[in-house]
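Let me begin by presenting the structure, written as structure tokens, before commenting on it.
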Amino acid sequence: MNWLIVAPVVAAKFLLPIALIPFPFLAGWANFVLDTVDGDLLIPAGLGNSLDPNENHLYQNIDKAADYVTYICMVIAAWKWPVRRWIIAFFVLRTIGQTAFFVTQNELMLLFFPNFLEPLFLVCATLLHFKRAAAWDHLTKYRFVYGPLIFIYKMQDEVLTHLVDFDRSEAIGRLFGG
-6 MNWLIVAPVV AAKFLLPIAL IPFPFLAGWA NFVLDTVDGD LLIPAGLGNS LDPNENHLYQ
54 NIDKAADYVT YICMVIAAWK WPVRRWIIAF FVLRTIGQTA FFVTQNELML LFFPNFLEPL
114 FLVCATLLHF KRAAAWDHLT KYRFVYGPLI FIYKMQDEVL THLVDFDRSE AIGRLFGG
């Protein structure tokens, strides 16, 4: 195992979410990027990705534990937001999925209990960053746009990730001749 890669990436996965509390926009998007590329760094560095009980599946367990830390920090960061009830409801939904995943080691649990929390949080943090005082009025006015977009985005993401096991990084690499 290449600890020079594994240690800092895993540390960042657990420490970066704490920055969500004071800096929801910057830390939210930084965390999104890290969560997108972490497997491309950690799996080749020696963390196995298999869910077969006879094989190394350390990456999935570390990733899901770090994700849960992120969800907790998102709830704390959004505690005073008008959408707090939605954030908490989506946190509970994903908590059920995370718990079911850890108990069964079956990735389909993550598809059945989708992570709507993260995209809602990122939309809200982005609106707050750019629209400040008008953010909540804007979100309310366009809720019938944001709601379906969040749903469609996240469901395709959950299906591709947990059902189809589609590797986006590999597909992007092939697209650009890599």
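In my numbering, the protein residues as written are -6 to 171.
Glycine is no exception: its CB is placed at the ideal position from the N, C-alpha and C atoms.
### Query
Excluding the five sequence neighbours on either side, which residues of its own chain have a C-beta within less than 7 Å of the C-beta of Trp129, listed in chain order?
Pro75
### Message
Only counting the same chain, and skipping five residues up and downstream in sequence, which positions put a Cβ closer than 7 Å to that of Leu34?
### Response
Ile(-2) and Val2
### Task
Answer yes if the segment 21 to 31 comes into contact with the segment 76 to 84, meaning at least three C-beta pairs across the two stretches below 8 Å, and no otherwise.
no
### Message
At the level of alpha carbons, what is the spacing between Gln149 and Gln98?
### Response
21 Å
### Message
Tell me which residues share the same chain as Leu121 and place their Cβ nearer than 6 Å to its Cβ, disregarding the 5 neighbours each side in the sequence.
### Response
Ala128
### Message
Tell me the DSSP secondary structure of Val76 in three-state form.
### Response
coil
### Query
Straight-line CA distance for Arg78 to Met(-6)?
42 Å
### Task
Run the CB neighbour count on Gly166, radius 10 Å, all protein chains shown included, and call it buried at 16 or more, exposed below.
exposed
### Query
With burial defined as no fewer than 16 other Cβ atoms inside 10 Å of the residue's Cβ, what is the status of Ala164: buried or exposed?
exposed
### Query
Near Pro17, which residues of its chain fall below 6 Å by C-beta distance, leaving aside the five closest residues on each side in sequence?
Ala70 and Ala118
#### Entry: Sub-8 Å separation of Phe25 and Leu132 beta-carbons
no
#### Entry: Asp160 to Ala12 span [Cα, whole Å]
28 Å
### Query
Cα separation between Ala58 and Tyr64?
10 Å
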